[in-house]
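This report refers to the structure that appears directly beneath it.
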Amino acid sequence: MKRRIFFTVSEIPFKLKDQQITRDWLDRVAQVHHGSIVSLNYIFVSDAHLLEMNEEFLQHDTLTDILTFPDEVSNPAGVVGEVYISVDRVRDNASEFGADFLTELRRVMAHGLLHLLGFKDKSAKDVKAMRTAEDSALALYSSPPSHL
Numbered sequence: 003m004k005r006r007i008f009f010t011v012s013e014i015p016f017k018l019k020d021q022q023i024t025r026d027w028l029d030r031v032a033q034v035h036h037g038s039i040v041s042l043n044y045i046f047v048s049d050a051h052l053l054e055m056n057e058e059f060l061q062h063d064t065l066t067d068i069l070t071f072p073d074e075v076s077n078p079a080g081v082v083g084e085v086y087i088s089v090d091r092v093r094d095n096a097s098e099f100g101a102d103f104l105t106e107l108r109r110v111m112a113h114g115l116l117h118l119l120g121f122k123d124k125s126a127k128d129v130k131a132m133r134t135a136e137d138s139a140l141a142l143y144s145s146p147p148s149h150l
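In the working numbering, each number is its position in the sequence shown, counted from 1, plus 2.
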């Protein structure tokens with residue numbers, strides 16, 4: 003099967019373990035929400051890199067753990083996009099929230115995919131739905147695949 007989900011590291015020492023398991027999990031997350039992944043690239047970067055992007059693209063002068071960019075051309079076959087993740091921010095947030103680094107990383111990865119699947123997080127109602135979907139995604143990672 004041709005890879006549709008890519009993991010790229012830019013200018014930091016980081017390697018995502020269990021990449022095929024993670025791909026399978028992300029596919030399952032998309033399927034649960036009646037979606038599919040055409041092409042999705044996760045790019046792992048530093049705080050400084052993501053801060054520059056946040057300033058350039060969103061005019062926000064704040065640190066963030068994730069920026070999600072859908073492909074500019076809508077693809078009816080499924081998700082096409084890029085998800086930039088600050089490994090520094092994920093590590094700090096995991097410590098702050100008392101979470102395991104990999105669990106927090108998976109939550110952020112799911113968060114980006116959920117945005118590409120149409121979830122929002124601007125209103126309190128949207129945030130609640132996003133958190134519920136993230137929790138469900140994390141549960142999918144630890145459960146064996148079922149035939150959907």
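In this text, a Cβ means the ideal position worked out from N, Cα and C, and glycines have one as well.
Inside the stretch 69 to 105, DSSP marks whole beta strand (DSSP E) runs of 3 or more residues at positions 81 to 88, from first to last along the chain. Inclusion of L28 and I39 in the CB contact set at 8 Å is warranted, their separation being smaller than that value. Contact holds between the stretch 80 to 96 and the stretch 55 to 67, because three or more Cβ pairs, one in each stretch, are under 8 Å apart. Within the same chain, and ignoring the five residues on either side of D73 in sequence, the residues whose Cβ sits closer than 6 Å to its Cβ are V82, G83. Contact annotation, V34 with E13: C-beta distance approximately 34 Å; criterion of less than 8 Å not satisfied. Around the beta-carbon of L116, 16 or more other beta-carbon atoms lie within 10 Å, marking it buried.
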